[in-house]
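**Student:** Mind looking over this structure? Questions follow.
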Amino acid sequence: MSYECILTELRGSGERKTGLITLNRPKQLNALNDQLMDELGQALLAFDADDGVGCIVLTGSERAFAAGADIPTMAPHDFMSAFKTGLISKNWETILQVRKPVIAAVGGFALGGGCELAMMCDFIIAADSAKFGQPEIKLGIIPGAGGTQRLPRAVGKSKAMDLLLTARMMDAAEAESAGLVARVVPADKLLDEALAAAETINGFSAPSVALIKELVHQAFQGPLSDGVKIERRYFHALFGTADQREGMDAFMNKRKPEFKHR
Ligand code: HXC
240 MSYECILTEL RGSGERKTGL ITLNRPKQLN ALNDQLMDEL GQALLAFDAD DGVGCIVLTG
300 SERAFAAGAD IPTMAPHDFM SAFKTGLISK NWETILQVRK PVIAAVGGFA LGGGCELAMM
360 CDFIIAADSA KFGQPEIKLG IIPGAGGTQR LPRAVGKSKA MDLLLTARMM DAAEAESAGL
420 VARVVPADKL LDEALAAAET INGFSAPSVA LIKELVHQAF QGPLSDGVKI ERRYFHALFG
480 TADQREGMDA FMNKRKPEFK HR
């Protein structure tokens, strides 16, 4: 499959690979137009359906993960055209259907829709050059892809309000201490670190990986008691898998496990 606004490739040395997606509109700092989001949606679903892929890494360029939704394409809309067309591609939500982990490797600007896209990934590894922000208020609009909802869940109400209302950018160190980012690495190591994390995950049993992802998402959707109950059921269910027997047998016999399930 060939795309115009993204690049896709398989990476990794193990039996299961990492699907690497690179946002590729460098002149526009990877501004997210409909074509890019449609291509991203297709690429994510293709990697998700590929049994040879364990994990997905989503990245941009050194200068920008993505500087937001494409402003010139949004500018001509009025309320009725925005309302009737939906304004942004329905593929903005496609990433939420992916069952495999999606790691955001963020260098440079992650602003507006770029920050929202990174927050839809399962976790963020940031370069020390990364800058996060929701500057929509400067354009006379508000976030439209979850920024007002996911940012306060990630960094708490006060910092989210500060970022959303003042439009200031937050650097990587602040983003890490606020909990938006899992870890910060030197910019020239960003992709290597994200791919190494993906490779570690690729070595584990696929049902364990998929269920952990599903349950952590559940933690943000419903009541604690429901989440804990579902977790216990899935915990029991994994005792029906060969990988549980392999993992525990390997531990007890002091050897490396070889997981089979994809
Ligand atoms: C289209 C963009 C863009 C964007 C940058 N560019 N951001 N094009 N949409 N969101 C283009 C610039 O027009 C410019 O093109 C080129 O990228 C380089 O940008 P510069 O401004 O020259 O670079 P710099 O001075 O380094 O400033 C970088 C920046 C600034 C701080 C990131 O570009 C900026 O503030 N961009 C807008 C950020 C923003 O407001 N994002 C939120 C968008 S609204 P030319 O052709 O002039 O060289 C949004 C809503 C989401 O995301 C709704 C849900 C999807």
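Those letters in the sequence shown? Residues 240 to 501, by my numbering. Heads up, the beta-carbon is just placed ideally off N, CA and C, and yes, glycines get one too.
1. Just the C-alpha distance for Ile451 and Gly466, rounded to the nearest angstrom, thanks.
2. Compare the C-alpha of Ala343 against each of Ser447, Val448, Thr480 and Ala421 and name the closest.
3. Taking 8 Å as the cut-off, is the C-beta of Ala384 nearer than that to any heavy atom in the ligand PLP?
4. In the DSSP assignment, the beta strand (DSSP E) including Cys244 goes from what residue to what residue?
5. Taking only the alpha-carbon atoms, compute the straight-line gap between Gln483 and Ala406 and give it to the nearest angstrom.
6. How about Gly372 and Met408: do their beta carbons lie closer than 9 Å?
7. Going by beta-carbon coordinates alone, are Leu249 and Leu262 separated by less than 9 Å?
8. Could you name the residues of the same chain whose beta carbon sits closer than 7 Å to that of Thr333, not counting the 5 residues immediately before and after it, in chain order?
9. Kindly provide the ranges of any beta strand (DSSP E) runs that are 3 or more residues long and lie completely inside the stretch 418–480, ordered along the chain.
10. Please classify Pro265 as buried or exposed, where buried requires at least 16 neighbouring CB atoms within 10 angstroms.
11. Ile260 by DSSP, collapsed to three states: which one?
12. Alpha carbon to alpha carbon, what distance is there between Glu438 and Ile380?
13. Any chance you could list the alpha helix (DSSP H) runs of at least 4 consecutive residues sitting entirely within the stretch 326–383, in chain order?
14. Tell me whether Asp488 sits in a helix, a strand or coil according to DSSP, three-state version.
15. So who's on the other strand from Val296, going by DSSP bridges?
16. Nearest to Val337 by CA position, among Val448, Val423 and Thr312, is which residue?
17. Output needed for Glu415: all residues of its chain with C-beta closer than 6 Å, excluding positions within five of it in sequence on either side, in chain order.
**Tutor:** The short version:
1. If you draw a straight line from the Cα of Ile451 to the Cα of Gly466, it comes to about 11 Å.
2. Ala421
3. The ligand PLP is not part of this structure, which contains only the ligand HXC.
4. Here Cys244 belongs to no beta strand (DSSP E), and DSSP marks it neither H nor E.
5. 48 Å
6. yes
7. The answer is no: Cβ separation not under 9 Å.
8. Gly280, Leu283 and Leu284
9. 422–424
10. exposed
11. strand
12. Distance from the CA of Ile380 to the CA of Glu438, rounded to the nearest whole angstrom, comes to 40 Å.
13. 352–359
14. helix
15. Leu259 and Ile342
16. Val448
17. Only residues of its own chain outside the window of five on either side were considered, and among them Val423 have a CB closer than 6 Å to the CB of Glu415, listed in chain order.
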